[in-house]
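Inspection log for the structure reproduced underneath, given as structure tokens.
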Amino acid sequence: AFDLSRMESGDSVLVQGVGPLGIFSVAFAGSFGASEIIVIGGTEERLKMCQAFGATTVLNRHRLSSEERKEAVMEITHGRGIDVAFEMAGEPDALKECISLVRTGGSCLTAGFGEPHGTMELDCFHDIGRKNLRLQGVWVSEVRHTHMALQLIMRRPQDFKKLITHTFRLDQANEALRAMKSKEAVKAVLLPHG
2 AFDLSRMESG DSVLVQGVGP LGIFSVAFAG SFGASEIIVI GGTEERLKMC QAFGATTVLN
62 RHRLSSEERK EAVMEITHGR GIDVAFEMAG EPDALKECIS LVRTGGSCLT AGFGEPHGTM
122 ELDCFHDIGR KNLRLQGVWV SEVRHTHMAL QLIMRRPQDF KKLITHTFRL DQANEALRAM
182 KSKEAVKAVL LPHG
């Protein structure tokens, strides 16, 4: 997503979602020189992880209404809105909020939808056309993106190690998958020899 974003140093960035994609996005935004990295998510522990990875502001969607979140973003960006937003939650409402928070002429990239999760209503004239919004879907990455991610991890191994919240024996693979699906685990690792 960052490769397609045309993000520049000094841009304000919004990340919707605090799963592994969202947390990685925060780290990438920092490495690209974002001036502000605002994260919206619903899990306090994961919002704290985002702060450890460089988020300048975290907004808990369970504690703040969408109007309160918009007020906070507009205050931080001095009324302009976000330069580049990354939807990493895989929820139509998260994408709709991203679009509403991006400035005129800004970009919104969505990589969070790994499977169908419903639809959303969109005013093509006001939300995209008149706003001159660049809306980009992101599906499959290239090998060089894996290389970029590995370079980022190698620069901050201790930080990224914290994403591994659970370890399981190989014979507990189903339990590991359940922990990931329930979002109890950020990342689960299977150890072949226990």
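Residue numbers (our numbering): 2 to 195.
Cβ coordinates follow ideal geometry from the N, Cα and C atoms, glycine included.
Give me, in chain order, the residues of the same chain whose beta-carbon lies closer than 7 Å to that of Ile165; leave out the 5 immediate sequence neighbours on both sides. The residue given as residue 165 occupies position 164 in the sequence shown. If we look at Ile165 and ignore the five residues flanking it on each side, its Cβ neighbours are Lys188, Val190.
Do you know whose CA, among Gly20, Glu76, Ser101, Thr147, lies nearest Ser183's CA? As a position in the sequence shown, residue 183 is number 182, starting the count at 1. Ranking the options by Cα distance to Ser183, first place goes to Gly20.
Give every residue of the same chain whose Cβ lies closer than 7 Å to the Cβ of Ser36, excluding the five residues on either side of it in the sequence, and list them in chain order. By one-based count along the sequence shown, residue 36 stands at place 35. Closer than 7 Å at the Cβ level, and outside the excluded window around Ser36, lie Gly11, Asp12, Ser13.
My output table needs one value for Leu134: the three-state DSSP class, helix, strand or coil. Within the sequence shown, numbered from 1, the residue matching residue 134 stands at position 133. Leu134: coil per DSSP, three-state reduction.
Identify whether Leu65 lies in helix, strand or coil by the three-state DSSP scheme. As a first step, residue 65 must be located in the sequence shown, where it is residue number 64. Leu65 falls in the coil class under three-state DSSP.
Grouping DSSP H, G and I as helix and E and B as strand, with all else coil, what is Asp12? As a first step, residue 12 is located in the sequence shown; it is residue number 11 there, counting from the start. Reduced to three states, the DSSP call for Asp12 is coil.
What would DSSP say about Ser142, mapped onto helix, strand or coil? Locating residue 142 in the sequence shown gives position 141, counting from the first residue. Of the three classes helix, strand and coil, the one that applies to Ser142 here is coil, per DSSP.
Nearest-angstrom Cα distance between His118 and Ala112? What you label residue 118 is simply residue 117 of the sequence shown in a count that begins at 1. What you label residue 112 is simply residue 111 of the sequence shown in a count that begins at 1. Whole-angstrom Cα-Cα distance: 13 Å.
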